[in-house]
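Enquirer: In my numbering, the protein residues as written are 34 to 198. Every residue, glycine too, gets a C-beta built ideally from N, C-alpha and C. Starting off with a structure, shown below.
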């Protein structure tokens with residue numbers, strides 16, 4: 034059944050409003066995903082502050098044309114959904130990547146928009162594997178702390194060796 038012109042305009046407006054404040058957008062191929070799995074996934078994504086919307090590719094393209102993203106829109110084959118978030122810039126890609134690991138061969142990242150530039154599937158996959166910001170901060174603190182901790186251990190071993198003599 035064909036979609037009416039007003040319904041198409043409504044869908045485009047919904048997509049435009051959704052990605053207006055988005056820090057990144059991910060294009061996801063979702064073939065073979067059951068309705069119950071999709072519902073559970075949407076709930077999980079919502080809890081993480083990530084949006085998920087399914088629309089025709091032509092309407093997604095029309096909505097994306099309203100923004101001046103750099104580069105060229107990657108090829109988006111199959112049934113496509115967009116995933117976006119307005120908090121952590123890597124959260125949408127990471128969230129869909131985690132969902133894809135749970136439901137093998139049903140969710141595939143096929144591209145996206147990262148830092149206002151269209152990106153391909155390979156780059157979005159690598160972005161999806163970046164740890165969350167709190168983990169990165171912890172890793173950074175650990176890197177800074179390591180030399181100081183090594184110095185303290187060395188000084189303590191010198192103190193212990195002098196006490197034993």
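1) Would you decide whether residue 100 is buried or exposed? Buried here means 16 or more other CB atoms lie within 10 Å of its CB.
2) List the whole-angstrom C-beta distance separating residue 48 from residue 113, where the pair is believed to meet the contact cut-off of C-beta under 8 Å.
3) Give every residue of the same chain whose Cβ lies closer than 8 Å to the Cβ of residue 148, excluding the five residues on either side of it in the sequence, and list them in chain order.
4) With residue 62 and residue 125 assumed to form a contact (beta carbons below 8 Å), what rounded beta-carbon distance in angstroms separates them?
5) Within 10 angstroms of its Cβ, does residue 74 collect 16 or more other Cβ (buried), or is it exposed?
6) Does the distance from the CB of residue 203 to the CB of residue 108 come in under 8 Å?
7) Here's the rule I'm using: 16 or more other beta-carbon atoms within 10 Å means buried, otherwise exposed. How should residue 157 be labelled?
8) Given 8 Å as the limit, is there contact between the segment 129-147 and the segment 158-165, that is, 3 or more CB pairs closer than that?
9) Quick one: complete beta strand (DSSP E) runs, 3+ long, within the segment 41-127?
10) Excluding five sequence neighbours on each side, which residues of the same chain lie with their C-beta closer than 8 Å to the C-beta of residue 119?
11) Work out the CA separation of residue 135 and residue 41 for me, nearest whole Å.
12) Here's a check: name, in chain order, each residue in its chain whose Cβ is nearer than 6 Å to the Cβ of residue 78, leaving out the five neighbours to either side.
13) Any idea which residues DSSP pairs residue 146 with across the strands?
14) Just the C-alpha distance for residue 168 and residue 37, rounded to the nearest angstrom, thanks.
15) Out of 97, 130, 179, which one is the CA nearest neighbour of residue 51?
16) For residue 87, which residues in the same chain have their Cβ closer than 6 Å to its Cβ, ignoring the five residues on either side in sequence?
17) Looking at residue 59 and residue 116, is the spacing between their C-beta atoms short of 8 Å?
Expert: If we stick to the structure as given:
1) Position 67 of the chain shown, counted from the start, is the residue given in the question as residue 100. Exposed, since its Cβ has fewer than 16 Cβ neighbours within 10 Å.
2) Along the chain shown, read from residue 1 onward, the residue named residue 48 stands at position 15. Along the chain shown, read from residue 1 onward, the residue named residue 113 stands at position 80. In fact, because the Cβ distance is near 11 Å, the residues do not count as touching under 8 Å.
3) Working through the chain shown from its first residue, we reach residue 148 at position 115. The answer, listed in chain order, is 57, 122.
4) Reading the chain shown from its first residue, position 29 is the one you call residue 62. Reading the chain shown from its first residue, position 92 is the one you call residue 125. About 15 Å; that fails the 8 Å criterion.
5) Taking the first residue of the chain shown as 1, we reach residue 74 at position 41. Under this definition residue 74 is a buried residue.
6) An answer regarding residue 203 cannot be provided, because it is not within the stretch 34 to 198 covered by the chain.
7) For the purposes of this step, residue 157 is taken as residue 124 along the chain shown, with counting starting at 1. Buried, since its Cβ has 16 or more Cβ neighbours within 10 Å.
8) yes
9) 57-62, 83-87, 113-118
10) For the purposes of this step, residue 119 is taken as the residue at position 86 of the chain shown. Closer than 8 Å at Cβ, skipping near neighbours: 54, 55, 56, 82.
11) As a first step, residue 41 must be located in the chain shown, where it is residue number 8. As a first step, residue 135 must be located in the chain shown, where it is residue number 102. Rounded to whole angstroms, residue 41 to residue 135 spans 33 Å at the Cα level.
12) The sequence position of residue 78 within the chain shown is 45, counting from 1. The residues are 85, 128.
13) Here residue 146 refers to the residue found at position 113 when the chain shown is read from its first residue. Answer is 58, 151, bridged to residue 146.
14) Taking the chain shown and counting its residues from 1, one reaches residue 168 at position 135. Taking the chain shown and counting its residues from 1, one reaches residue 37 at position 4. In a straight line, the C-alpha of residue 168 is about 47 Å away from that of residue 37.
15) Here residue 51 is taken as the residue at index 18 of the chain shown, counted from 1. Nearest C-alpha to residue 51: 97.
16) Taking the first residue of the chain shown as 1, we reach residue 87 at position 54. 114.
17) For the purposes of this step, residue 116 is taken as residue 83 along the chain shown, with counting starting at 1. For the purposes of this step, residue 59 is taken as residue 26 along the chain shown, with counting starting at 1. For residue 116 and residue 59, yes; Cβs fall inside 8 Å.
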